[in-house]
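Asker: Residues in the sequence shown are numbered consecutively from 25, following our numbering. Quick one: structure below, then a few questions.
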Amino acid sequence: MPTYNAGELLRPALESVLAQTHADWRLLVVDDASNDGSADMVESYGDERVRVVRQPVNGGQTAALNAGLALVESRWVARLDQDDLAAPRRAERQLAHLADHPRTVLLGTWADYIDEHDEFVSSFRPPTAPSAVRAALVGRLEENPFIHSSVVFDADAARRAGGYPATMRYAQDYGLWVRLLAHGDAEVLGETLCTVRIHPGQTSGDRAVALRMWREVLAGGDGLDDLLRMDDDERARWRRGRARVHTHMAIAELALRDRPAAAVHARAVARTLGSTPAAALDVADVLAAGVRHRAAAILARQ
């Protein structure tokens, strides 16, 4: 659990780990140079299973994640963000599933979203089977099937895959997940074992952040066709997924009046259409969705 100035949101997250029905765990909290006493609060629980590692300077979440991964001694590592919650049986259920599925190196779960007042917002129910999860990671890049706070993954496999990509700030999880596919199966357990908190302090709704995230998603997928030894059909789905992202980004750059940047993505789409004509369906789908979104925004202002 990386943490930085989490305030009182950290306490429920920590207590959700302390409440696990599977008792043989260790919690590694990587405090990213907080100045609000977060590390002291964690240590005040006095539980020998909880270890706090204090970073000397604030290096950001990706650096904190990799610092924690380097210190993990068990085979399996579970992730939880500082403001999210693990269901009491999360560790028990995921470890049981992994014991029955030896090829799996990455396992997420279904999740619910809540607001800052603990009120239910929505549900997250991605596909569960390895084939469907792989298809989503490779070919439906807008639909990451993993909630970061829900995953358990093989620590050694993650380190062999290079850990979280150090150059990524917002899509570092995706950058690791797609490379873990080279080491085994990825699945989602069809049980709601994680609660994700949405609150005003988050930046995910910012357009500039969204663009940076999409750039990182594209970078994370560079060379993936060769790494995963894709067959022709999967390679075509991978190209189509990237064309969808480039189309999204071209639209966003035009909205920001950055025509040169939009042209870069438009050329990438054109190259994909040259090698994979079926991508035209994906591009048309994204463009239609953009028109519908624009029309809804106009109607809302009237």
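Don't be surprised by glycine CBs; every beta carbon is placed ideally from N, CA and C.
#1: Grab me the residues of V81's own chain with a C-beta within less than 6 Å of its C-beta, minus the 5 sequence neighbours each way, in chain order.
#2: Excluding sequence positions up to five away, which residues of its chain have a Cβ less than 8 Å from the Cβ of L204?
#3: Can you tell me whether D209 is helix, strand or coil according to DSSP?
#4: Beta carbon of V212, beta carbon of F170: below 9 Å?
#5: Can you grab the Cα-Cα spacing for the pair V233 / R316, in whole Å?
#6: Quick one: Cα of H270 to Cα of G61, how far?
#7: Give the secondary structure of Y214 by DSSP, where H, G and I count as helix, E and B as strand, and everything else as coil.
#8: Among residues of its own chain, excluding the 5 on either side of D306, which ones have a beta-carbon nearer than 7 Å to its beta-carbon?
#9: Might you give, ordered along the chain, the residues of its own chain that have their beta carbon closer than 7 Å to the beta carbon of P151, omitting 5 neighbours on each side?
#10: H272: which of H125, A37, D309 and D136 sits nearest, CA to CA?
#11: DSSP three-state call for V81: helix, strand or coil?
#12: With contact counted as at least three CB pairs below 8 Å, one residue from each stretch, are the stretch 189 to 200 and the stretch 242 to 250 in contact?
#13: Taking only three categories from DSSP, how would you classify L165?
#14: Which whole-angstrom value is the C-beta distance of D124 and H172, which I expect to be below 8 Å?
#15: Quick check on DSSP: helix, strand or coil for P126?
Answerer: Looking at the coordinates:
#1: Within the sequence shown, numbered from 1, the residue matching residue 81 stands at position 57. By the criterion of a C-beta distance shorter than 6 Å, V81 is surrounded in its chain by A57, once the five residues flanking it on both sides are discounted.
#2: Along the sequence shown, one-based indexing puts residue 204 at 180. Only V129, L130, F177, D178, A181, A182, A185 and A210 meet the Cβ criterion.
#3: On the sequence shown, position 185 is the one that residue 209 refers to. Strand, per DSSP.
#4: Sequence index remark: in the sequence shown, residue 212 carries index 188 (1-based). Sequence index remark: in the sequence shown, residue 170 carries index 146 (1-based). Yes, the Cβ-Cβ distance between V212 and F170 is below 9 Å.
#5: As a working note, residue 233 is residue 209 in the sequence shown. As a working note, residue 316 is residue 292 in the sequence shown. Between V233 and R316, the C-alpha separation is close to 23 Å.
#6: In the sequence shown, residue 270 corresponds to position 246, counting from 1. In the sequence shown, residue 61 corresponds to position 37, counting from 1. Rounded to the nearest angstrom, the two C-alpha atoms are 42 Å apart.
#7: To locate residue 214, count along the sequence shown from 1; it is residue 190. Looking at the sequence itself, residue 214 is Gly, so the reference to Tyr does not match. In the structure shown, G214 sits in a strand (DSSP, three-state: E or B).
#8: Here residue 306 corresponds to residue number 282 of the sequence shown, with the count starting at 1. For D306, where only same-chain residues beyond five positions count, the Cβ hits under 7 Å are R264, A267 and R268.
#9: Residue numbering aside, residue 151 sits at position 127 when the sequence shown is read from its first letter. So the list reads V157, A160, P169 and V212, once near-sequence residues are dropped.
#10: Numbered from its first residue, the sequence shown carries residue 272 at position 248. The shortest Cα separation from H272 among H125, A37, D309 and D136 belongs to D309.
#11: Working through the sequence shown from its first residue, we reach residue 81 at position 57. Coil at V81, not helix or strand.
#12: yes
#13: Within the sequence shown, residue 165 is the residue found at index 141, counting from 1. In the structure shown, L165 sits in coil (DSSP, three-state: anything other than H, G, I, E or B).
#14: Translated into positions along the sequence shown, residue 124 becomes position 100. Translated into positions along the sequence shown, residue 172 becomes position 148. That pair is no contact at about 24 Å.
#15: Residue 126 sits at position 102 when you count from the first residue of the sequence shown. In this structure, P126 counts as coil in the three-state DSSP scheme.
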